[in-house]
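The structure under discussion appears below in the form of structure tokens.
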Amino acid sequence: SVLSKTTYTKGKSLGIFTTSGYCACSSCSGTNTLTYSGTVPQADHTISADLTVLPLGTKVFIGDIVYTVEDMGSGVDGNLIDIFYATHEDAWNHGLQEQEVFLAENIDKPPAKEKDYQPKYRLITFSFLMKRYSGKIHP
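Each residue of the sequence shown is one higher than the one before, counting from 2 in this note's numbering.
Structural data, given as structure tokens:
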């Protein structure tokens with residue numbers, strides 16, 4: 002069977018993000034060889050993001066390249082994206098840039114509903130648990 006490459010189109014603008022570069026070297030990634038999602042990072046594919054802004058697996062256009070959120074970093078907060086590069090020189094040369102980021106939509110299937118781009122897991126608050134299980138807790 003022939004593998005077909007998925008085609009994406011630029012969807013809605015997610016706004017202006019500050020982008021930076023990182024690589025697999027110890028200066029950029031410490032001792033980590035895999036991304037937070039467990040994948041091997043790839044240039045022109047892997048980005049690190051604030052997972053409360055862009056959940057794992059989200060595909061976005063930055064320029065003309067479709068990237069996938071596969072990683073997170075301690076310094077990656079809010080509208081900051083760290084783009085993975087094959088070499089430290091390429092990551093360094095990226096510097097800091099202000100770039101508009103667009104949601105990447107698969108043209109082979111209908112766009113997902115807005116709620117599909119929210120994190121899949123929610124923190125359960127203590128008060129929610131108390132309401133949910135009130136009367137079921139033994140004295």
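The beta-carbon is built from N, C-alpha and C at its ideal position, and this holds for glycine as well.
Buried or exposed: which applies to residue i, given that a residue is buried once 16 or more other Cβ atoms fall within 10 Å of its Cβ?
{"i": "Cys24", "result": "buried"}
{"i": "Val59", "result": "Looking at the sequence itself, residue 59 is Thr, so the reference to Val does not match. Thr59 comes out buried."}
{"i": "Val41", "result": "exposed"}
{"i": "Ala87", "result": "exposed"}
{"i": "Thr36", "result": "buried"}
Give a yes or no on whether the C-beta atoms belonging to residue i and residue j are separated by under 8 angstroms.
{"i": "Ser28", "j": "Asp72", "result": "no"}
{"i": "Gly74", "j": "Asp83", "result": "yes"}
{"i": "Thr47", "j": "Phe85", "result": "yes"}
{"i": "Val54", "j": "Asn80", "result": "yes"}
When DSSP labels each residue in this structure, what does residue i get in the three-state scheme?
{"i": "Thr92", "result": "Here the sequence assigns Ala to residue 92, which means Thr is not the residue at that position. Looking at Ala92 - three-state DSSP - the assignment turns out to be helix."}
{"i": "Asn107", "result": "strand"}
{"i": "Asp83", "result": "strand"}
{"i": "Ser75", "result": "coil"}
{"i": "Leu97", "result": "coil"}
{"i": "Thr7", "result": "coil"}
{"i": "Thr19", "result": "strand"}
Considering only the alpha carbon of each residue, which of the options lies closest to residue i?
{"i": "Met13", "options": "Ile108, Val102, Asn33", "result": "Per the sequence shown, the amino acid found at residue 13 is Lys instead of Met. Checking every option, the nearest Cα to that of Lys13 belongs to Val102."}
{"i": "Asp51", "options": "Ala87, Thr19, Ala44", "result": "Thr19"}
{"i": "Ile17", "options": "Asn94, Gly64, Trp93", "result": "Gly64"}
{"i": "Thr10", "options": "Gly31, Gly22, Cys26, Phe62", "result": "Phe62"}
{"i": "Thr8", "options": "Glu99, Thr53, Gly22, Ile66", "result": "Ile66"}
{"i": "Ala105", "options": "Thr69, Ser21, Lys6", "result": "Thr69"}
{"i": "Ser21", "options": "Val77, Thr53, Lys6", "result": "Val77"}
{"i": "Leu15", "options": "Asp91, Thr32, Glu99", "result": "Glu99"}
{"i": "Ala92", "options": "Asn80, Ala44, Asp109", "result": "Ala44"}
Consider the Cβ of residue i: report whether some Cβ of chain B lies at a distance smaller than 8 angstroms.
{"i": "Thr88", "result": "Looking at the structure shown, chain B is missing, and only one protein chain is on hand."}
Sequence ranges, alpha helix (DSSP H) only - wholly within the region 23-73, length at least 4: Scanning the region 23-73 from its first residue to its last, the whole alpha helix (DSSP H) runs of 4-plus residues come out as 27-30.
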